[in-house]
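Participant: Okay, so the sequence shown: first residue is 7 according to this note's numbering, each after it adds one. The structure under discussion is supplied below as structure tokens; questions concerning it will follow.
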Amino acid sequence: MKITILGSGTSHGVPMIGCNCEVCTSANPKNHRMRPSIAVEGPGGTILIDTTPELRLQSIKTGLNHVDAVLITHTHADHIFGMDDLRRFNDLGGHDIPVYGSPEVLEDIQRIYRYVFVQTQVGGGKPRLQLRVAENIMEICGLNISCFTVLHGKLEVQSYRFEDPTTGKSFAYVTDVSIIPETVKHFLNNLDLLILDAVRYEPHPTHFGLYQALDVIANARPAAALLTHLSHHFDHDRLCQETPPHVEPAFDGQIIDLLSVPASVPCEITNLLSSS
């Protein structure tokens, strides 16, 4: 099971428009963050989580050229406003793409992308999507996926836990979260990797601050954790020094293979994942 971090930034992205702060003007490419999304490669294909406004750019940068299914966390603009770019993956794969989400998410998609689901003139092209309700337990692309709900302020957001039935490796992706209900915390147990929202140092009304995220990680005790949805408050190298050895900021283009971690992953996490 291979995970590619397509984007690790907050809704503004980094650099942020009109900002001349140290991080926004940094020459370190790990401080350049597109909107948050990942691609998960299983034995039966590739699953995309969210379709950010930079989906085209993310795909070109990382060499993503095949998508077999899409999981949506929620319908804020930074998570779905690249959905039209799925039409290129229709062409490459020669098939419709199933898009999974809560009933409310699917209703929003039909409203926002109305032209996709009604008869329109020939020409220009549009994505061919099959909207499907995300079940509590699903099997997609050879992976066992559990869908569970966390809170983004008062908004319900879908999080996903992935398990490879062949290797037993598992990870969870929890973005845009300020509260993890007690009833779903068990989904974070016994993970090889947890990818978790941390938007800034101090608490935020609808996101974890850094220390809240670190508390969740300490309680869940994954073998390793990556922080995502990062704003310009975080310098990558400085944050690496401020977090425990098994916790690091994600960065755009990062690849994590839960079976054989490549050298592009920071050494601390490489050692943890390869020995778990």
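C-beta: ideal position from N, C-alpha, C; glycine also.
#1: Just reading off the beta strand (DSSP E) that Val180 is part of, what are its end residues?
#2: Short of 7 angstroms in beta carbon distance, which residues of its chain neighbour Tyr119, apart from the five on each side in sequence? Order them along the chain.
#3: How about Met40 and Cys30: are their beta carbons less than 7 angstroms apart?
#4: Please classify Gln218 as buried or exposed, where buried requires at least 16 neighbouring CB atoms within 10 angstroms.
#5: How many Å lie between Gln136 and Pro104 at the Cα?
#6: I need the straight-line Cα distance from Phe123 to Leu61, nearest angstrom please.
#7: What is the DSSP secondary structure of Gly99, reduced to helix, strand or coil?
#8: Beta-carbon separation of Leu149 and Phe168 under 7 angstroms?
#9: Measuring only the C-alpha atoms, how far is Gln64 from Ala256?
#10: Measure the beta-carbon distance from Gly159 to Ser184 and round it to whole angstroms, keeping in mind my assumption that it falls under 8 angstroms.
#11: Given a threshold of 16 other Cβ atoms within 10 Å of its Cβ, counted over all protein chains shown, does Thr58 qualify as buried or as exposed?
#12: Considering Tyr217, what are the terminal residues of the alpha helix (DSSP H) in which it resides?
#13: Comparing alpha-carbon positions, which option in Pro171, Thr181, Gly69 lies nearest Asp84?
#14: Under a Cβ-count criterion, where at least 16 other Cβ atoms within 10 Å of its own Cβ denotes burial, should Gly15 be classed as buried or exposed?
#15: For the alpha helix (DSSP H) containing Ser65, name the first residue and the last one.
#16: Which value, in whole angstroms, describes the spacing of the CA atoms of Thr1 and His192?
#17: Work out the CA separation of Leu112 and Ile186 for me, nearest whole Å.
#18: Since Thr234 contacts Leu202 with CB under 8 angstroms, what's their CB separation in whole angstroms?
#19: Applying the 10 Å Cβ sphere with the 16-neighbour rule, what's the burial state of Ile146?
#20: Could you work out which residue in Leu70, Ile143, Tyr166, Asn26 is closest to Arg94 when comparing CA atoms only?
#21: Pick from Gln116, Ala229, Ala33, Lys132: whose alpha carbon is nearest that of Pro251?
#22: Go ahead and pull the three-state DSSP assignment for Gln136.
#23: How would you call His242, buried or exposed, if buried means at least 16 neighbouring beta carbons within 10 angstroms?
#24: Does the beta-carbon of Ile223 have 16 or more other beta-carbons within 10 angstroms, so that it is buried, or is it exposed?
#25: If you follow the alpha helix (DSSP H) that Gln164 is in, where does it begin and where does it stop?
#26: Rounded to whole angstroms, what's the CA-CA distance from Leu54 to His72? Just pull it up for me.
#27: Quick check on the DSSP output: the beta strand (DSSP E) that includes Ala45 runs from which residue to which?
#28: When we look at the beta-carbon of Asn37 and count the other beta-carbons within 10 Å, is it buried (16 or more) or exposed?
Facilitator: So, from the data block:
#1: 176–180
#2: Closer than 7 angstroms at the Cβ level, and outside the excluded window around Tyr119, lie Met89.
#3: no
#4: It is buried - the Cβ of Gln218 has at least 16 other Cβ atoms within 10 Å.
#5: Each residue's alpha carbon lies about 4 angstroms from the other.
#6: Taking the Cα positions, Phe123 is about 21 angstroms away from Leu61.
#7: helix
#8: yes
#9: 15 angstroms
#10: 6 angstroms
#11: buried
#12: 216–226
#13: Thr181
#14: Looking at its Cβ environment, which holds 16 or more other Cβ atoms inside 10 Å, Gly15 is buried.
#15: 61–68
#16: As shown, the chain starts at 7 and ends at 282. That puts residue 1 outside it, with no answer to give.
#17: 23 angstroms
#18: 7 angstroms
#19: buried
#20: Leu70
#21: Ala229
#22: strand
#23: buried
#24: With 16 or more other CB atoms across the displayed protein chains lying within 10 angstroms of its CB, Ile223 is buried.
#25: No alpha helix (DSSP H) holds Gln164; the beta strand (DSSP E) holding it covers 161–169.
#26: Those two C-alpha atoms are separated by around 10 angstroms.
#27: 43–48
#28: buried
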